[in-house]
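Numbering (our numbering), first residue to last: 1 to 504.
Let me begin by presenting the structure, written as structure tokens, before commenting on it.
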């Protein structure tokens, strides 16, 4: 397949930190078509999802509090997303209707627009807008001159929020001023993620082009919280993780200059970033899932809970694997542990050496514990038992786009699912000897997504790498623990900031 690339292409591939082999594999994937997840059943309470009682919760929280100070803990926050989707409907109102609500026929959209303007003074960015409008905002709201307000919120002559990363936008109001999500992640992290030598370490992934402003914001925040030991680092999504686009015949798509088109590979590309960051324990949470500090205690408690649960499992896993090495092991005890926590069965006819090999295969992998929230109509991927191409069944976080809804049984399983994924993950990538696993070895590349897009009016197919908490972590040890709804407060659209969890 290398023949489909010209000499010019080969130079382009090299300049973009790609390889012919990698792009050829992607072209083969387009030819084959997207592989849907083979879901077996939803994970539910007591059947894939651990639900802990008050006594157990207290025990695991204490375990975390006792052990955290000895560990290098990192809070990892994907933060490269722009706020365009957050303001998508307002951009339609601005550009399509010039702010005139009388032209809006969609009643749901009209209700949303009225909610936005009726509560406009409650948004944390109100003061900035009013400064640009020289104190005229209240009058413009009364006279319904919404076009000027929208131009200020979204236009280049105003505060231009839709062009900002979500990380930079004011989310919450306090007496001392406004807080953006970066600050809220710092404050949240101070509640549970301080590790060795009482230091809080945060790592953000950001978009290129926003580096200077990110550094300025974080420097100011470190100064604001100077009584604490805070270290903030950042990285970009690597160019080498971009994916090739194809036309509708699965041939490499070319732009108007005849060059190949490479596109960002989605959040699954961040597994490369995770692979290079040092640490004993990692918390993963999206940039927009923060809460007003008035409601923070539950988030802190539940972060400690899932980390304490991970501590307990990791201690047992390390003990069993070291015992395997030493030859001093009760094989049946370990196999019962694997059955209880991983729901994996071992063929009892195997020899002792083969059983040890099974134990190592089952337990010597990266470990993650994922908080799961009960369904209350919120969107998000769900926890399912999934059969892999090797025939093995394991717990996975599955996005709706990975499920073939034309199969009646799949549709029934989705309807019967009880929990969804809020992206509330704690993990360790250390093995039982203290070495790092190479996370690249635990990706299921068959879980990539194919989507249709257009460029300059021409249709194309794009490839998203297996999602960070989906296929990118497919071969990890995965444990699901129920956490309460209050821990999930994402800001997907601007009106989400009007929820009590953000208003305080």
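Heads up, the beta-carbon is just placed ideally off N, CA and C, and yes, glycines get one too.
Keep in mind that this is a model prediction, so the values were computed, not measured.
Enclosing beta strand (DSSP E) for residue 396 [first to last residue]
Where residue 396 is concerned, the enclosing beta strand (DSSP E) stretches over 393-398.
Residue 233 burial status per 10 Å Cβ neighbour count (16 or more: buried)
Exposed, because fewer than 16 other Cβ atoms sit within 10 Å of the Cβ of residue 233.
Can you tell me whether DSSP reads residue 105 as helix, strand or coil?
Three-state result, residue 105: coil.
Pair every Cβ in the region 364-378 with every Cβ in the region 407-424, then say whether three or more of these pairs are closer than 8 Å.
As far as the Cβ criterion goes, the region 364-378 touches the region 407-424, which means the pair count is three or higher.
So is residue 4 buried or exposed if we call it buried at 16+ other beta carbons inside 10 Å?
That one is exposed.
Which residue wins for smallest C-alpha separation from residue 417, given the options 49, 16 and 203?
Comparing Cα-Cα distances from residue 417 to each of 49, 16 and 203, the minimum goes to 49.
Look up residue 330 in the DSSP assignment and say whether it is helix, strand or coil.
It is coil, neither helix nor strand.
Among 186, 194, 91 and 184, whose alpha-carbon lies nearest the alpha-carbon of residue 160?
Out of 186, 194, 91 and 184, 91 has the C-alpha closest to the C-alpha of residue 160.
Could you pull the start and end residues of the beta strand (DSSP E) that residue 235 belongs to?
For residue 235, the enclosing beta strand (DSSP E) begins and ends at 229-236.
For residue 385, which three-state DSSP category applies?
The answer is strand: DSSP assigns residue 385 an E or B state.
Given this structure, state the Cα-to-Cα distance separating residue 500 from residue 173, to the nearest angstrom.
Straight through space, the alpha carbons of residue 173 and residue 500 are spaced by roughly 12 Å.
Pick out whichever of 201, 56 and 167 has its Cα sitting closest to the Cα of residue 216.
Each of 201, 56 and 167 was checked against the Cα of residue 216, and the nearest Cα belongs to 167.
Would residue 352 and residue 331 qualify as a contact pair, given that the criterion is a beta-carbon distance under 8 Å?
Cβ distance < 8 Å, so residue 352 and residue 331 count as in contact.
From 62, 112 and 197, residue whose alpha carbon lies closest to that of residue 69
For the residues 62, 112 and 197, the minimum Cα distance to residue 69 belongs to 197.
Throw me the rounded Cβ distance for the residue 494 and residue 116 pair, which I believe falls under 8 Å.
Distance from residue 494 to residue 116 at the Cβ level is roughly 7 Å; contact confirmed, criterion being Cβ atoms closer than 8 Å.
Beta-carbon within less than 7 Å of residue 87's beta-carbon, same chain only, minus the 5 sequence neighbours each way: which residues are those?
Cβ neighbours of residue 87 within its own chain (closer than 7 Å, five residues either side excluded): 154, 161, 162 and 494.
Measuring alpha carbon to alpha carbon, tell me which of 199, 209 and 179 ends up nearest residue 226.
The candidate whose alpha carbon is nearest that of residue 226 is 199.
Buried or exposed: which applies to residue 489, given that a residue is buried once 16 or more other Cβ atoms fall within 10 Å of its Cβ?
Counting Cβ neighbours within 10 Å, residue 489 comes out buried, since at least 16 surround it.
Use the C-beta contact count for residue 556: other C-beta atoms within 10 angstroms, 16 or more gives buried, fewer gives exposed.
Any property of residue 556 remains undetermined from this structure, which presents the chain solely from 1 to 504.
Please tell me whether residue 274 and residue 428 are closer than 8 Å, where the distance is taken between their beta carbons.
No, they are not a contact pair.
Per DSSP, which residues does residue 202 bridge with? Please list them.
Paired residue(s): 75 and 232.
Neighbourhood of residue 17 by C-beta, 7 Å cutoff - its chain only, sequence neighbours within 5 removed:
By the criterion of a C-beta distance shorter than 7 Å, residue 17 is surrounded in its chain by 239 and 240, once the five residues flanking it on both sides are discounted.
Endpoints, alpha helix (DSSP H) assigned at residue 192:
That run of the alpha helix (DSSP H) goes 181-192.
With distances taken between CB atoms, is the gap from residue 261 to residue 255 smaller than 8 Å?
Going by C-beta atoms, residue 261 is nearer than 8 Å to residue 255.
Mark residue 79 as exposed unless 16 or more other C-beta atoms lie within 10 angstroms of its C-beta, in which case mark it buried.
Residue 79 comes out buried.
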